[in-house]
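As structure tokens, the structure follows; a few thoughts come after it.
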């Protein structure tokens with residue numbers, strides 16, 4: 034490509050960028066106008082009530098956190114889950130012990146009696 038064609042391409046890209054910038058600014062202006070138009074006094078009051086309700090619901094949680102009740106509840110719940118996990122682990126250990134006993138008894142019953150007896154002592158001359 035020649036240098037003049039490259040300069041022409043750059044000018045085209047700059048023009049396209051300026052057009053996109055104008056569109057973005059126009060869209061932003063339209064969004065701002067429609068946003069302001071939708072905030073009627075009734076909607077402002079409703080938004081205030083909803084945010085007040087949300088803050089009111091959060092206040093007891095903050096008070097509970099400061100007094101230690103929230104930490105006590107979390108500790109209690111973690112103990113509950115840990116106890117359940119320990120119970121599951123204990124039942125799995127029982128099952129494993131029973132299986133080990135079954136395997137040990139099966140091995141003992143399959144061992145020939147000659148192998149369980151002591152071999153006679155041989156005398157070396």
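Residue numbers (my numbering): 34 to 158.
Just so it is clear, CB atoms sit at the ideal spot from N, CA and C, and this is done for glycine as well.
Determine the DSSP secondary structure at residue 68, reduced to helix, strand or coil.
As a working note, residue 68 is residue 35 in the chain shown. The answer is helix: DSSP assigns residue 68 an H, G or I state.
What is the rounded straight-line gap between the Cα of residue 65 and the Cα of residue 55?
Here residue 65 corresponds to residue number 32 of the chain shown, with the count starting at 1. Here residue 55 corresponds to residue number 22 of the chain shown, with the count starting at 1. So the alpha carbons of these two residues sit roughly 15 Å apart.
Backbone CA spacing between residue 87 and residue 72 [nearest angstrom]:
Mapped onto the chain shown, residue 87 falls at position 54. Mapped onto the chain shown, residue 72 falls at position 39. Rounded to whole angstroms, residue 87 to residue 72 spans 20 Å at the Cα level.
Alpha carbon to alpha carbon, how far is residue 137 from residue 131? Give it in angstroms, no decimals.
On the chain shown, residue 131 is found 98 positions in, with the first residue counted as 1. On the chain shown, residue 137 is found 104 positions in, with the first residue counted as 1. Linking residue 131 to residue 137 through their CA atoms gives a straight-line distance of about 10 Å.
Ignore the nearest five residues each way along the sequence and tell me which others in residue 58's own chain have a CB closer than 8 Å to its CB.
In the chain shown, counting from the first residue as 1, residue 58 sits at position 25. Closer than 8 Å at Cβ, skipping near neighbours: no residue.
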